[in-house]
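Encoded as structure tokens, the structure appears first; notes follow it.
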Amino acid sequence: MSSSLLFLDSSTSTASHLLPFSRITTPFNGAVSLRRSVGPLNVRPFVLSPLRTLSVNSSNNPSPVINDKSGGEASAKIIDGKMVAKQIRDEITAEVLKMKEAIGIVPGLAVILVGDRKDSATYVRNKKKACESVGINSFEVRLPEDSTEQEVIKFISEFNNDPSVHGILVQLPLPSHMDEQNVLNAVDIEKDVDGFHPLNIGRLAMRGRDPLFVPCTPKGCIELLHRYAVEIKGKRAVVIGRSNIVGMPAALLLQREDATVSIVHSRTKNPEEIIKHADIIISAVGQPNMVRGSWLKPGAVVIDVGINPVEDANSPRGYKLVGDVCYEEACKVASAVTPVPGGVGPMTIAMLLSNTLSSAKRTHNFQ
Ligand code: NAP
Ligand code: L37
Numbered sequence: 003m004s005s006s007l008l009f010l011d012s013s014t015s016t017a018s019h020l021l022p023f024s025r026i027t028t029p030f031n032g033a034v035s036l037r038r039s040v041g042p043l044n045v046r047p048f049v050l051s052p053l054r055t056l057s058v059n060s061s062n063n064p065s066p067v068i069n070d071k072s073g074g075e076a077s078a079k080i081i082d083g084k085m086v087a088k089q090i091r092d093e094i095t096a097e098v099l100k101m102k103e104a105i106g107i108v109p110g111l112a113v114i115l116v117g118d119r120k121d122s123a124t125y126v127r128n129k130k131k132a133c134e135s136v137g138i139n140s141f142e143v144r145l146p147e148d149s150t151e152q153e154v155i156k157f158i159s160e161f162n163n164d165p166s167v168h169g170i171l172v173q174l175p176l177p178s179h180m181d182e183q184n185v186l187n188a189v190d191i192e193k194d195v196d197g198f199h200p201l202n203i204g205r206l207a208m209r210g211r212d213p214l215f216v217p218c219t220p221k222g223c224i225e226l227l228h229r230y231a232v233e234i235k236g237k238r239a240v241v242i243g244r245s246n247i248v249g250m251p252a253a254l255l256l257q258r259e260d261a262t263v264s265i266v267h268s269r270t271k272n273p274e275e276i277i278k279h280a281d282i283i284i285s286a287v288g289q290p291n292m293v294r295g296s297w298l299k300p301g302a303v304v305i306d307v308g309i310n311p312v313e314d315a316n317s318p319r320g321y322k323l324v325g326d327v328c329y330e331e332a333c334k335v336a337s338a339v340t341p342v343p344g345g346v347g348p349m350t351i352a353m354l355l356s357n358t359l360s361s362a363k364r365t366h367n368f369q
């Protein structure tokens with residue numbers, strides 16, 4: 003079976019930035035978490051909003067700006083994942099450079115892509131580009147659809163033993179003839195930057211334990227809530243979807259942040275009744291515009307993970323991407339909403355870079 007080791011990119015950025023965020027250490031063993039205060043958020047006065055208004059702590063950096071793309075009556079704030087992700091990448095760029103200069107180590111991320119799903123190929127390409135932009139080395143293995151599980155595991159083992167690789171990501175979904183569990187179990191837990199190893203997920207679920215890595219998409223959702231100063235503690239949160247890669251870890255994370263969490267899935271009866279009580283909604287379903295404005299509690303904060311292509315004759319690609327939540331309607335009811343694209347997607351990639359950097363730091367005991 004042929005396989006190709008496609009690239010090794012060792013470019014590093016020399017840019018040094020004024021850092022917009024105060025860095026704090028998360029409970030997750032030193033994983034980089036970048037928080038800033040945001041505000042004021044200009045919430046509608048009649049809406050009981052979960053958003054707290056905090057003062058901006060840096061005048062030379064824009065606060066995550068609140069654009070109103072929806073016109074008319076809409077009043078929700080737009081949670082700008084694209085902009086926040088850029089700020090995080092700038093911070094990571096500076097940290098990567100600092101580490102290289104201090105100890106000569108450059109973090110490395112290996113990505114394994116099996117088959118030729120177009121969406122997966124796009125995300126992997128974006129991950130490679132993001133690595134380049136912050137100076138992280140990237141390694142990519144592309145394997146044909148009909149590869150065997152053993153072939154995938156062979157590459158994982160090589161990356162497990164390669165000291166220049168600090169993070170290994172197997173892009174999901176794998177072809178249906180492979181046992182996902184066998185493949186994910188083969189990733190060294192110390193390099194499991196996707197956080198999908200059962201040991202990492204198990205630790206995420208247990209009180210008093212910390213995973214080495216938190217899955218990138220849910221971590222990106224929580225990071226957006228933090229950066230927009232959305233209080234989570236004591237709030238009612240609903241996660242729509244219970245997949246291993248998004249819904250389930252998102253619910254665990256919200257619970258760790260002291261939200262009261264309900265999970266809605268395909269067998270839930272009357273989902274709108276449950277969703278209507280939520281202060282915070284994270285939707286990861288994969289159904290375009292499923293969540294209607296009338297399902298939302300006024301002032302709720304909506305994090306829309308869904309990425310759904312729908313036909314669009316006006317787009318050069320012939321389709322456009324929409325979320326799980328009807329954006330125009332949500333903008334009229336919610337206090338803050340993530341757009342699709344430009345919301346959670348770019349944060350997923352930023353969190354992957356953050357996990358890779360913290361892995362390299364942990365391995366080399368570099369603060
Ligand atoms: P998935 O594995 O297909 O899981 C979908 C979940 O939604 C399942 O738990 C399913 O319930 C539930 N569901 C399906 N139809 C439903 C309905 N009508 N009502 C309530 N729940 C329903 O999908 P995923 O991997 O979690 O991805 C979900 C979406 O997020 C997709 O659009 C994907 O493209 C997107 N995504 C985005 C990012 C990002 O970075 N923005 C990252 C990953 C995924 P059951 O468990 O009962 O089947
Ligand atoms: N870490 N992420 C990890 N591991 C996996 O196995 N499947 C998977 C995964 N998912 C993933 O990478 N999702 C994802 C989805 C969207 C983007 C990035 C990653 C993204 O960049 N979305 C852009 C739009 C991209 C486009 O135009 O096609 C956005 O703005 O939402």
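Here the sequence shown is numbered in the working numbering, starting from 3 and rising by one per residue. Note that CB positions come from ideal geometry on N, CA and C, so glycine has one too.
Taking 7 Å as the cut-off, does the CB of residue i come closer than this to any heavy atom belonging to the ligand NAP?
i: Ile284; result: no
i: Asn184; result: no
i: Arg244; result: yes
i: Pro273; result: yes
i: Arg211; result: no
i: Arg269; result: yes
Is residue i helix, strand or coil by DSSP?
i: Arg144; result: strand
i: Gly210; result: coil
i: Glu313; result: strand
i: Ile265; result: strand
i: Tyr230; result: coil
i: Gly41; result: With a pLDDT of 31 at Gly41, under the threshold of 50, the modelled position of that residue is not reliable, and no figure is offered here.
i: Gly110; result: strand
i: Gly308; result: coil
i: Leu371; result: Here the chain covers residues 3 to 369 and nothing more, so residue 371 does not appear.
i: Val49; result: With a pLDDT of only 25 at Val49, under 50, the local geometry of the prediction cannot be trusted, and the value read off the model is given with reservation. Coil.
i: Asn367; result: coil
i: Ala280; result: coil
i: Ala1; result: Because residue 1 is not part of the residues shown, which for the chain are 3 to 369, the question remains open.
i: Asn139; result: strand
i: Ile247; result: coil
i: Lys334; result: helix
i: Lys79; result: strand
i: Leu174; result: coil
i: Gly169; result: strand
i: Lys193; result: helix
i: Val126; result: helix
i: Ser285; result: strand
i: Lys299; result: coil
i: Val116; result: strand
i: Lys271; result: coil
Here's the rule: buried if 16 or more other CB atoms are within 10 angstroms of the residue's CB, otherwise exposed. What is residue i?
i: Gly137; result: buried
i: Tyr321; result: exposed
i: Pro220; result: buried
i: Arg144; result: buried
i: Ile105; result: exposed
i: Gly210; result: exposed
i: Asn367; result: exposed
i: Met208; result: exposed
i: Lys79; result: buried
i: Gln183; result: exposed
i: Pro251; result: buried
i: Thr150; result: exposed
i: His199; result: buried
i: Ala315; result: exposed
i: Gly345; result: buried
Examine the ligand ATP and report whether any of its heavy atoms sits within less than 7 Å of the Cβ of residue i.
i: Asn291; result: As presented, the structure is devoid of the ligand ATP, carrying the ligand NAP and the ligand L37 as its sole ligands.
Give me, in chain order, the residues of the same chain whose beta-carbon lies closer than 7 Å to that of residue i; leave out the 5 immediate sequence neighbours on both sides.
i: Ala124; result: The residue asked about is misnamed: residue 124 is Thr in this sequence, not Ala. Around Thr124: no qualifying Cβ.
i: Thr358; result: Pro109, Leu111, Ile138, His168, Gly169, Val195
i: Phe157; result: Ile114, Val143
i: Ala352; result: Ala87, Ile90, Arg91, Gly222
Leaving out five residues on either side along the sequence, give the residues of the same chain with a beta carbon under 6 Å from the beta carbon of residue i.
i: Pro348; result: Gly83, Lys84, Ala87
i: Ile282; result: Lys237, Ala239, Val303
i: Leu201; result: Ile191
i: Pro273; result: Val266
i: Lys100; result: none
Verify the contact flag: residue i, CB atom, against every heavy atom of the ligand L37, threshold strictly below 7 Å.
i: Cys371; result: Residue 371 is absent from the structure shown; the chain starts at 3 and stops at 369.
i: Asp82; result: no
i: Ile309; result: yes
i: Tyr329; result: no
i: Asp196; result: yes
i: Pro200; result: no
i: Ile247; result: yes
i: Thr358; result: no
i: Gly345; result: yes
i: Ile351; result: yes
i: Leu255; result: no
Between which residues of its own chain and residue i is the CB-CB distance below 8 Å, once the five residues before and five after are set aside?
i: Val126; result: Val113, Leu115, Glu142, Gln173
i: Lys235; result: Glu259, Asp260, Ala261
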